[in-house]
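To keep things clear, I will list the structure first and then write my remarks on it.
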């Protein structure tokens, strides 16, 4: 009984948030995990990775740092959600290495492309870590996460319209990202009602995700 009670009351597990807030976090993690599964599986068929290369490099290092390096009392749902995302992102990033060059218009050798990826991963890693070390992030990592998120939401429609081939992109990814972000953003409004910076980012992500979903639907 003490064990189960501690799960609900210990801040290291579920005790930091209300049941509703934990549910919102769990649903956000679930929809993002589903989106990541789609991103991991689709390239085996299409030989194309739809995650924009520039932000894919930031995504994987963010998940590694916040899942395994940075220590904050974020609770079990977020911690294990970040770790799950990183494990799935290893597969996605392998596709970025193999197929991501197709997103780039200028001619580039494989060596130059891989050097670019390494440079972006290291650069994003330094920025994310020093952003946290400087005290600019929340203990949930939400500020840096939503900065990256806005890049994803903004670059996705640009890449979609640039490629002019809707069959390379996944409809489940478009709506799962919108729904997953929606649950996370509602959580932010409940738990961080005065953190206006990240709340603004959340609203902007919702607008950009909605725009992409509408554009995707119209293209079909």
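Residue numbers (this note's numbering): -16 to 203. Just so it is clear, CB atoms sit at the ideal spot from N, CA and C, and this is done for glycine as well. Values in this document were obtained by computation on a predicted structure and should not be read as measured data.
Distance from the CA of residue 141 to the CA of residue 116, rounded to the nearest whole angstrom, comes to 32 Å.
Distance from the CA of residue -10 to the CA of residue 65, rounded to the nearest whole angstrom, comes to 19 Å. A residue is called buried once 16 or more other Cβ atoms fall within 10 Å of its Cβ, and residue 91, having fewer, is exposed. A straight-line Cα-Cα distance of about 12 Å links residue 122 and residue 174.
Bounds of the alpha helix (DSSP H) holding residue 200 are 179 to 202. With 16 or more other Cβ atoms inside 10 Å of its own Cβ, residue 38 counts as buried.
Using a Cβ distance threshold of 8 Å, residue 159 and residue 18 count as a contacting pair. Contact check for residue 69 against residue 43 passes: the beta carbons are separated by less than 8 Å. Per DSSP, residue 155 is one residue of the alpha helix (DSSP H) stretching across 154 to 174. With three or more CB-CB distances shorter than 8 Å, the stretch 183 to 193 counts as touching the stretch 129 to 141. Sequence-distant partners of residue 165 (beyond 5 residues in either direction) whose C-beta falls short of 7 Å from its own C-beta, in its chain, are 189.
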